[in-house]
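Residue numbers (the working numbering), protein chains in the order written: chain P, 389 to 730; chain U, -5 to 330.
So, in structure tokens, the structure goes:
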């Protein structure tokens, strides 16, 4: 009983922090909007034109984008860490985000963005290519993981895939026209700010579908922690689980990369924070925990990136690196047996 | 399965072939496993024991043939129904480092719980009972990885019990265990078969232990399986034949393997059956490569019961020894 009580308290505390972080993100920026103004703008529509525009067209989509990214990448990270049984797995370190970048580069630099049928066509195309790129790299890494059982080696393979896709992107850039190149460079900076409402709609749909799909993975992933043969003997279809994890993490990493650019380290770091806060390997607790902590962390990173009170905005990518990279170093120091791929 | 239905179950393999065609490890066999029996699967290394175990547990597909449970074809079962029929204990290790004993045993409830895997009071009671049955209820909250090999094996057996299946299949459950744990695990399995009416199939290399504990042997013999009581298989000379090798022979009198040595020396010694001193003297002499003869020889050994001393006579003169270490030291240094 004591365990359940502390569980409820932890989730309640995280929820409160999440709500606080949401309001902080709406309030802070180049100008500070007081709490009550936000409240009245959102719910009573009684505000100045300027505040209305700032909140509805700039800060609210950005905040929702931050939450979606905070849901998506950590969830992909958790699923990948459990599937590979590797604490260092994640959408970025396994090269999956880089695969998505390559997809985007192919779409943008080969001129997909100039076939301006509509904004929807552009968003749909860019996300389709990003998801495809993510899935191809994930399938390649998964194939190689059957031959390598050392988790650090697998990590290096993932980094190599990142390098290969990076090189391909450079080649594409070299042969592209200046206008296309400019579009692509802007995308690579990665930003939560430039995401439009219709893109938020697409992201929300895909992220929610992925979350719902991954709920049915919670129970089998718990058994997969024991080992694959035992999971099989208990009636888990390991092939189905592997297939679902590939689909879900490619969807999540792809859609995020398509709209927010390459965002690093969040996917690998958050599952470890969740395990540390809740002291468990039970996916039924970890999955909601990862969503909550991920959203909070992304909102905080975005808040830092805004440098509240100034006109400068840091690239979100740099902020997540500053937060996420130390977490990885900490994992390696803490987990001395990491080489055994357990 | 309800306990009252568990008594007269039959698990059958019909026309089963396993291996990698065209080289079948085991070809076209029929097998029957009945409630309340402890069956030991034996055979030389590489004879296909592990493959057969994994095929019967449906972890890998059979090349051909069907499995039946109470005359019903089981391949038609969904995998979760299958998991309610057969529990396995394998040689593969538990991978995750921070699972508790409770977590591992609770995983046995997997096929019985809902999509969230929520454990009800019934499930908790079954887990508790399984832990008690294998005698590890004091370890419930320990980390699996901190346990000894014998304790780990008990945890996995408890997991199999928590799964509440009529059949339990174990791949070399006594490997890596010390003698006491080996015997205790076999006792536990025998009790589960005889008292809980489980069908228990184990693969093992421990012939002497299996002879003493198993109700039936499945003896892999060149792609076929000989099915019978261990005693019958010994009396019909089959066990000896399957396991006879140059360096080893099965002694049907002792019910154990003896190491076959080239006997380079002769000694005259008349052992009394049932005398411990004589028995272990023979063991010591065998080790040194002595052929024990009842005919006179150039060496003669006597054991004096009244003084508990060994007397050696013959080509090295008369010697007296207080213990077997002195005797073997003397023989070693003089014979080489």
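All residues carry an ideal CB built from backbone N, CA and C; glycine is no exception.
N- and C-terminal bounds of the alpha helix (DSSP H) containing residue i
i, result
"residue 133 of chain U", "Element bounds for residue 133 of chain U: n/a, residue is neither H nor E."
"residue 144 of chain U", "143 to 156"
"residue 451 of chain P", "448 to 472"
"residue 198 of chain U", "Per DSSP, residue 198 of chain U belongs to no alpha helix (DSSP H) and is neither H nor E."
"residue 81 of chain U", "Residue 81 of chain U -> not in any alpha helix (DSSP H); beta strand (DSSP E) instead, spanning 80 to 83."
"residue 159 of chain U", "First-last for residue 159 of chain U: undefined, no H or E at that position."
"residue 697 of chain P", "Per DSSP, residue 697 of chain P belongs to no alpha helix (DSSP H) and is neither H nor E."
"residue 570 of chain P", "566 to 576"
"residue 315 of chain U", "No alpha helix (DSSP H) contains residue 315 of chain U, which is instead part of the beta strand (DSSP E) from 313 to 315."
"residue 620 of chain P", "616 to 621"
"residue 97 of chain U", "95 to 100"
Reduced DSSP secondary structure (H/G/I, E/B, other) of residue i
i, result
"residue 297 of chain U", "strand"
"residue 262 of chain U", "strand"
"residue 730 of chain P", "Note on residue 730 of chain P: pLDDT 37, under 50, position unreliable in the model; the coordinate value appears next. In this structure, residue 730 of chain P counts as coil in the three-state DSSP scheme."
"residue 584 of chain P", "coil"
"residue 109 of chain U", "coil"
"residue 60 of chain U", "strand"
"residue 641 of chain P", "helix"
"residue 35 of chain U", "strand"
"residue 17 of chain U", "strand"
"residue 481 of chain P", "coil"
"residue 171 of chain U", "coil"
"residue 556 of chain P", "helix"
"residue 114 of chain U", "coil"
"residue 243 of chain U", "strand"
"residue 308 of chain U", "strand"
"residue 251 of chain U", "strand"
"residue 425 of chain P", "helix"
"residue 211 of chain U", "strand"
"residue 221 of chain U", "strand"
"residue 192 of chain U", "coil"
"residue 322 of chain U", "helix"
"residue 285 of chain U", "strand"
"residue 628 of chain P", "helix"
"residue 436 of chain P", "coil"
"residue 53 of chain U", "coil"
"residue 231 of chain U", "coil"
"residue 292 of chain U", "coil"
Host beta strand (DSSP E) of residue i (start-end)
i, result
"residue 416 of chain P", "No beta strand (DSSP E) holds residue 416 of chain P; DSSP gives it neither H nor E."
"residue 6 of chain U", "4 to 14"
Rounded distance between the beta-carbons of residue j and residue i, thought under 8 Å
i, j, result
"residue 53 of chain U", "residue 620 of chain P", "6 Å"
"residue 687 of chain P", "residue 410 of chain P", "7 Å"
"residue 656 of chain P", "residue 491 of chain P", "In fact, because the Cβ distance is near 21 Å, the residues do not count as touching under 8 Å."
"residue 77 of chain U", "residue 578 of chain P", "With 8 Å as the limit, residue 77 of chain U and residue 578 of chain P do not qualify as a contact, their Cβ atoms being about 45 Å apart."
"residue 251 of chain U", "residue 201 of chain U", "7 Å"
"residue 13 of chain U", "residue 57 of chain U", "6 Å"
"residue 660 of chain P", "residue 470 of chain P", "Rounded, the Cβ-Cβ distance is 13 Å, inconsistent with contact."
"residue 481 of chain P", "residue 543 of chain P", "6 Å"
Could you run through the region 91 to 118 of chain U and flag, in chain order, every residue whose CB is less than 7 Å away from some CB of chain P? 91, 92, 93, 98, 101, 104, 105, 109, 110, 111
Please confirm if the region 684 to 694 of chain P is in contact with the region 618 to 638 of chain P, defined as three or more CB-CB distances below 8 Å between the two stretches. no
Do three or more CB pairs link the region 539 to 559 of chain P to the region 407 to 426 of chain P at distances below 8 Å? Three or more beta-carbon pairs separated by less than 8 Å are not found between the region 539 to 559 of chain P and the region 407 to 426 of chain P, which leaves the two stretches without contact.
Cβ contact check for the region 472 to 490 of chain P and the region 513 to 533 of chain P: 3 or more pairs under 8 Å: Yes: the two stretches touch, three or more of their Cβ pairs being nearer than 8 Å.
Give the residues from the region 642 to 664 of chain P that approach chain U closer than 7 Å (Cβ to any Cβ), ordered along the chain. none
Contact residues within the region 32 to 51 of chain U, judged by C-beta distance below 7 Å to chain P: 51
For the region 410 to 417 of chain P against the region 449 to 458 of chain P, do three or more pairs of beta-carbon atoms, one drawn from each stretch, fall closer than 8 Å, so that the two count as touching? The region 410 to 417 of chain P is in contact with the region 449 to 458 of chain P.
Which residues, taken in chain order from the region 461 to 477 of chain P, show a beta carbon closer than 9 Å to some beta carbon of chain U? 473
Any 3 or more C-beta pairs closer than 8 Å across the region 172 to 191 of chain U and the region 215 to 230 of chain U: no
Is it the case that the region 156 to 166 of chain U contacts the region 96 to 111 of chain U, given that we only count it when at least three CB pairs across the two stretches are under 8 Å? yes
Please name the residues in the region 625 to 642 of chain P whose beta-carbon is closer than 7 Å to at least one beta-carbon of chain U, in chain order. Taking 7 Å as the Cβ-Cβ cut-off, the region 625 to 642 of chain P approaches chain U at 625, given in chain order.
Any residues in the region 574 to 608 of chain P with a beta carbon nearer than 9 Å to a beta carbon of chain U? Which ones, in chain order? Cβ contacts with chain U come from 603, 604, 606, 607, 608.
Three CB pairs or more closer than 8 Å across the region 49 to 69 of chain U and the region 569 to 583 of chain P: no
Using a Cβ-Cβ cutoff of 7 Å, what residues of the region 59 to 75 of chain U are near chain P? List them in chain order. 73, 74
At least 3 beta-carbon pairs within less than 8 Å: the region 131 to 141 of chain U vs the region 164 to 173 of chain U: no
Quick one, which residues of the region 281 to 295 of chain U are near chain P if we go by CB-CB under 7 Å, in chain order? none
Touching by the beta-carbon criterion (3+ pairs, under 8 Å), the region 667 to 681 of chain P and the region 699 to 710 of chain P: no
Could you say if the region 643 to 656 of chain P and the region 118 to 134 of chain U meet the contact criterion of at least three C-beta pairs nearer than 8 Å? no
Determine, using beta-carbon pairs with one atom in the region 172 to 179 of chain U and one in the region 9 to 29 of chain U, whether at least three such pairs fall under 8 Å. no
For the structure I just gave you, are there three or more beta carbon pairs, one from the region 27 to 39 of chain U and one from the region 203 to 217 of chain U, closer than 8 Å? yes
Hey, is the region 276 to 289 of chain U in contact with the region 252 to 267 of chain U, meaning 3+ C-beta pairs nearer than 8 Å? Short answer: they touch.
Mind listing which residues of the region 194 to 208 of chain U have their C-beta closer than 7 Å to chain P's C-betas, in chain order? none
Any residues in the region 545 to 564 of chain P with a beta carbon nearer than 9 Å to a beta carbon of chain U? Which ones, in chain order? Within the region 545 to 564 of chain P, no residue has a Cβ lying closer than 9 Å to any Cβ of chain U.
Please list, in chain order, the residues of the region 295 to 326 of chain U that have any C-beta partner in chain P closer than 9 Å. So the list is empty, because no residue satisfies the distance condition.
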